[in-house]
Structures are given as C-alpha cells and as structure tokens.
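The number in the numbering used here is simply the position in the sequence shown, starting from 1, with 236 added.
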Amino acid sequence: MPDVFADLVGQDEAVDTLRRAAAAASAVLRAAAAASAVLRAAAVVPTTDADGPDALAEESADAQAAVAVDAGAGMTHAWIFTGPPGSGRSVAARAFAAALQCAYGTGCGACPGCHTTMTGTHADVRMVVPEGLSIGVNEMRALVLRAASTPSGGRWQVVVIEDADRLTEAAGNALLKAIEEPPPRTVFLLCAPSTHPEDISVTIRSRCRVVPLGQPSPDAVAEVLVRRDGVTPDVARWAAAAAQGHVGRARRLARDPEARKRREAVLAVPRRLTGVGAAFDAASALIEAAEAEAEASVAEADAAERAALETALGAGGTGRGAAGAIRGAAGQLKDLEKRQRSRATRAQRDALDRALVDLAGFYRDALTMALRAPVAPVHTDTAALAGAGAQKWDAEGTLRRLEAVLECRAAIEANVKPRIAVEAMMLSLWKG
Ligand SMILES: [Zn+2]
C-alpha cells in the first residue's frame, strides 16, 4: 500500500519536511495524552475543586500541546504550500492532513485516519475549494468557527484552503485572526502560487511556515503516469513534456481524447494566422473553445445543484404557504444562479489560460530553436512547425510573439475582457 505522499511527484524535499512535521505532531499528541494521564492519576486524591479534575487535566493537556507546538519541534499550526499550478500544492496539503490524522503519525495510507482524509470524508478535515473568483468573508468566518471546535477524532482539526490567493481582503482578515490566536488543536494549510504580497498578505505569511514546491521534472511526471494511471511509457513521456510539469494536465492529455483535440487546435493557431481576418477568426475560435470546454466541465454540477435545491424547496408544492415558499425559493434559486455564473466564469478563464500556456510553449520551442539552445522541445509533435517558425521570424521576432502570449495572460489576469486581450495577441502573433 503506497503511503499518502506517493502522489506528490518530484517533491522529495517537501515530503521530507512534511514527514518530520507529522511525526512531531504525533509526539505532541502523545505528550499531551501522557500529561493528561498523570493529572488523572493525581486526581485520585480527593479534591474540592468545583471544576473537577477532568477540566483541569484537559486544560493542562491543551496547554502542553500548545507549548510543544510553539517549541517548533518540526510542527506548527499554519502552513503555506506554494508552487506553480499543477505542481501539487493541494495534493501536498491533503497528504499532510492525512498524515496528521494517521493513527501511526506517518501517513501510512492504510489506517482509517489516512483513508477518510484522502477520500474527503474525515470529520476533522475541511477542504475549502473556492468555486467563484474569490473566497468571501462569510464562508471564512463559518470555517474559522468550526475549526475552533475540539477534533472529534482526538487528533487535529485541519482546514485546507486551496487557492488562498483568491481570499477577499475581509476573508483574509478573518483568517488572520484565527491564525494569530490559533486554537490548540487546529492546523491551517493554505495553498497559493507564491508568497508574493499579491497572493498572500504579508501578515498571514509571517505567521506561516512555507513549503515551496517546484515544477516536477517531465521524467518524474511520466513515471507517476505509468505507475499510477497505467499509461504506456511512450504516451506518458509525450504527455509529461507537453503538460510542462502540470501533473493533472499531463494525466488528462494522456487519457482524454477531447483534451488532446483541443490542444491540437490551439497548436494549429500559428500556421492559421495568414492575415487580419484570420487573426480575428483564430481569436474567436480560441474563446469559443474555452467557453465550450468550461461549459462541459460545469454543466453536470449546475444541473445537479439545481435539482437538489428544487427538491429541498419542495418544487411544485400547492396549498397554504406555497406562494410564500415560492417567493423565498425564487431568492434562493437566484443566489444559486449567481454562484454558478461565477464558477462558469472561472472555468472559462482556467480553460483559456491552459490554451495560452500551450501556445506559449510553442513559441518557447521556436525561440530555443532560433537560439540553437540545447533544450528539449515542450511540444514534440509540433517541433517541425516551431523550427520553420524560428527560421522565418528569427530570434527577435519569435521572442516578441512569445511575449505577446504572456502579455495576454497577464491582461486577462488583470481583468481585461478575454476577447479583447486575445484579439490583440493574435494580431501581434500575425504581425510579429
Ligand atoms: Zn495512516
């Protein structure tokens, strides 16, 4: 049975840190239990304390746990996992959460603590996956409140916040308060692209230990595709290179023919750019493909949520009170639609960004060829096309095109309307 860190690809140093921390966390719990047992034994002596010995023991155990945590014995209560998309930030956070809940303190992968955490059903582990463009303050307050309760499994309350860079300022402040005065058995695990102040506020950063993840090597990604997903070595090597270190993307390319088709369409863009009209056509095609991909990815969840809400609201009910219920229901449906629109927008941006990363990979290949750099191409299947481009545009023209793609990503990130940013990029790619 592989342990919980097995899927964390090419991150040996981070895994080392997390294993040590999990062992230290287990030692903290043992120390607290021992202290509690000593106090319980001492409590055999009659006492007139109204609170009773148990309350005293509990307090002391918590205090001891807090002391041990603060002693920095490899464990601390707030962590930030940083790294480029696809490097495994949330995989690392979930694996660490499992190791904290592991009966053996190692993340064995087999005990109920490990198993329920990895399958997302552990009562003391909450994964916050924002679906809209940001995580709001109400969501965060409710979370912080629940995180402060005593862990039902007797180990830790673990809160994992994926995309902590998408916290609103108010939500960030609510989180900061909890991290500044942490309940003794609560651990916060944040995931963000980097510790840049734009991603994570300086004050939150200063209270957390950072676990940096690098971009895994194509070899490491290919290895895990073969071992875990049963992909053939040839396909695994191709997908790992094409995905540029993004493990999830590599797996999709290796297994999903639709994802491969979309990638091929994106990589056909450079040779389709024969004039202004073609540039605008290519922009439309790219935007519409991203929209279609996003719609496919959220449609099922949208329909299921709506059906669940309608059932909960007793859709189709008649009789007294039904009119009032329908008015209330309309409000709730409106809220749901708003959340779903926000999720769809984000799915579209993510799909478009993946396409732009593929396109950037193509021009990067052309640039390394123009410079005769001894580097393996990202897209082995369009290497010949990239080579032809390198000859036609020379290094400078290729670099300008690569920059146009990167500027387009930055513009969309800065909330420029995607169509406008993509049209500007296509014109630059055509003109050079
Ligand atoms: Zn375990």
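Glycine included, each C-beta is placed from N, C-alpha and C at the ideal position. Remember, it's a predicted structure, so these values are computed and weren't measured experimentally.
Three or more Cβ pairs closer than 8 Å define a contact, and the region 639 to 657 meets that threshold against the region 584 to 599.
With a cut-off of 7 Å, the C-beta of C444 is classified as distant from ligand 1, since no heavy atom of the ligand falls inside that distance. For A640, the CB contacts under 7 Å within the same chain, skipping 5 residues up- and downstream, are M661, S664, L665 in chain order. In the three-state DSSP reduction, V471 falls in the helix class (H, G or I). In this structure, the alpha-carbon of A514 lies about 22 Å from that of Q627. The nearest non-hydrogen atom of ligand 1 is less than 7 Å from the C-beta of C347. With contacts defined as CB atoms closer than 8 Å, S430 and L403 fail to qualify as a contacting pair.
Contact annotation, G349 with G389: C-beta distance approximately 7 Å; criterion of less than 8 Å satisfied. The DSSP-derived three-state label of V364 is strand.
In the pairwise beta carbon analysis, the region 453 to 468 is classified as not touching the region 327 to 336: fewer than three pairs are separated by under 8 Å. For L461, the three-state secondary structure derived from DSSP is helix.
Distances between the C-beta of Y340 and the heavy atoms of ligand 1 include at least one below 7 Å. With fewer than 16 other Cβ atoms from the protein chains shown falling within 10 Å of its own Cβ, H432 counts as exposed. DSSP places A339 in the coil class of the three-state scheme, outside both helix and strand. Counting other Cβ atoms within 10 Å of its Cβ, A406 stays below 16 and is therefore classed as exposed.
For F516, the uninterrupted alpha helix (DSSP H) segment begins and ends at 512 to 548. Membership of L403 in any beta strand (DSSP E) is not indicated, and neither H nor E is assigned to it by DSSP.
Only residues of its own chain outside the window of five on either side were considered, and among them G345 have a CB closer than 8 Å to the CB of P238, listed in chain order.
Excluding residues up to 5 positions away in sequence, L549 lie with their Cβ nearer than 7 Å to the Cβ of A565 in the same chain. The Cβ neighbour count for D360, taken over all protein chains shown within 10 Å, is at least 16; the residue is labelled buried. A residue is called buried once 16 or more other Cβ atoms fall within 10 Å of its Cβ, and T468, having fewer, is exposed.
Contact check for A490 and G246: beta-carbon distance about 17 Å, past the 8 Å limit, so the pair fails to qualify. For the pair of segments examined, the region 473 to 480 was found not to touch the region 569 to 585: the number of CB pairs separated by less than 8 Å stays below three.
When only Cα atoms are considered, V365 and M376 end up about 12 Å apart.
L642 and I648 have their C-alpha atoms spaced approximately 10 Å apart. The three-state reading of DSSP puts T352 in helix, counting H, G and I together. DSSP places I436 outside both helix and strand once states are collapsed to three, so it counts as coil. Counting only residues of its own chain and dropping the five nearest sequence neighbours on each side, V251 has a CB closer than 7 Å to the CB of F241, L244. Excluding sequence positions up to five before and after P452, its CB lies within less than 8 Å of the CB of V245, G246, Q247, S323, G324, G481, V483, all in the same chain and listed in chain order. If you check the CB distance, L426 and I316 come in under 8 Å.
When DSSP reads this structure, F424 sits in a beta bridge with A314, V395. Taking 8 Å as the cut-off, the Cβ atoms of I415 and A314 count as close. Annotation: E494 to E529 spans about 9 Å, alpha carbon to alpha carbon. Residue state for P448 is assigned as strand, using DSSP reduced to three classes.
A distance criterion of 7 Å places the beta-carbon of G389 beyond contact range of ligand 1, judged by its closest non-hydrogen atom.
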